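Before any comments, here is the structure.
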Amino acid sequence: MTFREERIGGQRLILGDCLEILPTLGRFDAVVTDPPYGIDYGRAGGFSASHGWGKWRENVAWDTERPAPEVFAAIRDGSKEQIIWGGNYFADLLPPSMRWLAWDKGQRDFSLADMELAWTSQQKAARVFAYARGKAVKDGKKHPTQKPVALMEWCLGFLPDAKTILDPFMGSGTTLVACQRMGRSGTGIELDPGYFETACRRVEEAARQRDLFVEPAPAPVQESLI
1 MTFREERIGG QRLILGDCLE ILPTLGRFDA VVTDPPYGID YGRAGGFSAS HGWGKWRENV
61 AWDTERPAPE VFAAIRDGSK EQIIWGGNYF ADLLPPSMRW LAWDKGQRDF SLADMELAWT
121 SQQKAARVFA YARGKAVKDG KKHPTQKPVA LMEWCLGFLP DAKTILDPFM GSGTTLVACQ
181 RMGRSGTGIE LDPGYFETAC RRVEEAARQR DLFVEPAPAP VQESLI
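So the sequence shown is numbered by this note's numbering: it starts at 1 and just counts up by one.
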């Protein structure tokens, strides 16, 4: 398979299958990602705008299955620390952990979940991030399961020493946008060409509007796996 790669700001964006690409990359300080949960929610009746899937409707083939166990093994082998959203869907593939992160969406008894959970590799206290869904809309929703930039910046705050960040399920690029804004070097992998283009545009915009008080992210340089 031929891969496409773009370097924007301090970020590296790769179009392709993460299971094929991960073995070609070096070691990262951390992984921050939001994989497909494998619940096929879009085609299970969640088409309404209130469910967050409105305009995407049946175009959700990427959510029919969870990533293969080999992907989670590669993620853990290739990074020192990990934060994986949707961790409750992968609990049988990940070891017990003391620190879980929760995104409290600020609404109760909504058509979607009141909160979302992330598994982490850290043996520290669990934490909650209260951030209303309405605020997240200001980011401009480009993907039905897009996380707020503020949420991913919060995640990076638990990884103060991590300079190189990997997101093997980049989607619309939120993790790399957060990396660009916080001066981290991010590498993102995305299988869908449309979402890859969206991620490139969002990262480019973040690079143009960078905070003058944050050092620009350097070009990504990973440790060798050997």
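Where is the CB? At the ideal position from N, CA and C, for every residue including glycine.
All figures in this text were calculated on a predicted structure; none of them were measured in a lab.
- Under DSSP, I14 takes part in a beta bridge, and its partners are E5, I189.
- Taking each of Q180, G171, F28 in turn and checking the Cα distance to E205, the smallest one comes out for Q180.
- By the Cβ test, the segment 163–172 is not in contact with the segment 99–116, since fewer than three Cβ pairs between them sit closer than 8 Å.
- Classified as buried, E116 has 16 or more neighbouring CB atoms from the shown chains inside 10 Å of its CB.
- Of all C-beta pairs linking the segment 176–192 to the segment 85–93, fewer than three are shorter than 8 Å, placing the two stretches out of contact.
- Remark: C-beta atoms of P193 and L13 do not approach each other more closely than 9 Å.
- E20 counts as exposed, since fewer than 16 other beta carbons sit within 10 angstroms of its beta carbon.
- When the alpha-carbon of Y37 is set against those of Q146, R27, A126, R108, the nearest one is in Q146.
- Its chain contains no residue whose beta carbon lies nearer than 8 Å to that of Q209 once the 5 sequence neighbours on both sides are disregarded.
- S79 is bridged by DSSP to F28.
- Here DSSP, grouped into helix, strand and coil, assigns I21 to helix.
- Around the CB of T64, fewer than 16 other CB atoms lie within 10 Å, so the residue is classed as exposed.
- For the pair Q82 and V128, the CB atoms are not nearer than the 9 Å cut-off.
- Contact between I84 and T33 holds: CB atoms are separated by about 6 Å, below the 8 Å threshold.
- In the three-state reduction of the DSSP assignment, E204 falls in the helix class, which pools H, G and I.
- Between F196 and R7, the C-beta spacing is not below 9 Å.
- With distances taken between CA atoms, D29 lies nearest to G78 out of G134, L112, G78.
- If the five residues before and after I75 are omitted, its C-beta is found closer than 8 Å to the C-beta atoms of L22, V31, T33, Q82, I84, L166, P168, all from its own chain and listed in chain order.
- Annotation: the segment 113–189 contains the following complete segments of the alpha helix (DSSP H) (minimum length 4 residues), in chain order: 133–136, 149–157, 174–182.
- With 16 or more neighbouring CB atoms inside 10 Å of its own CB, K105 falls in the buried class.
- Bridge partners of T33 according to DSSP: I84.
- Residue burial annotation: R184 is buried, with at least 16 other C-beta atoms found within 10 angstroms of its C-beta.
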